[in-house]
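For the sequence shown, the working numbering gives the first residue as 1463, with consecutive numbering after it.
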Amino acid sequence: MIDFAHAADGAAAAGQSPWSAILMWLPLFAIIYFMMIRPNQKREKARQTMISELKKGDRVLLAAGFYGRVIKTGEHVFTIELARGVNIEVDRNAIAAKVDANANPVEPEAANSQPPAAN
């Protein structure tokens, strides 16, 4: 009985072309590439362009969540001023985003403080 099941399975597989298996998986890989890999590559390229265009005085957000100003740029290391007199050196990959110089981060207390609702 088991021999018959294996023989039937082998006969069905022998009748199919090996190209049918490849053609079945090809659209799946294409979907994965265009939905996941390609957008990530575009995002990383835009981030690398942003980092290469940074100059002295630009305000940045670090991956650790700190805001600071670029004091000195280098090929691999940037010097960032976190506060007056507090300078740190970070790797270029530690810079998450360039922040608008005029924009101030919203204070958590100010964002949550709303006047009481009138009844």
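All C-beta atoms, glycine included, are put in the ideal place defined by N, C-alpha and C. Quick caveat, the model's predicted, so the values are computed rather than measured.
| Item | Value |
| --- | --- |
| Compute the Euclidean distance between the alpha carbons of Gly1547 and Glu1515, then round it to the nearest angstrom. | 25 angstroms |
| Assign Asn1555 to one of three DSSP states: helix, strand, or coil. | helix |
| Check Arg1509 in the structure and name its three-state DSSP category. | helix |
| Output the distance between the C-alpha atoms of Met1486 and Ala1526, rounded to the nearest integer angstrom. | 43 angstroms |
| Here's the rule: buried if 16 or more other CB atoms are within 10 angstroms of the residue's CB, otherwise exposed. What is Gly1456? | A question about residue 1456 goes unanswered here, because the residues of the chain that appear run from 1463 up to 1581. |
| Which partner residues of Ala1545 appear in the DSSP bridge assignment? | Val1548 |
| With DSSP collapsed to three states, give me the class of Leu1516. | coil |
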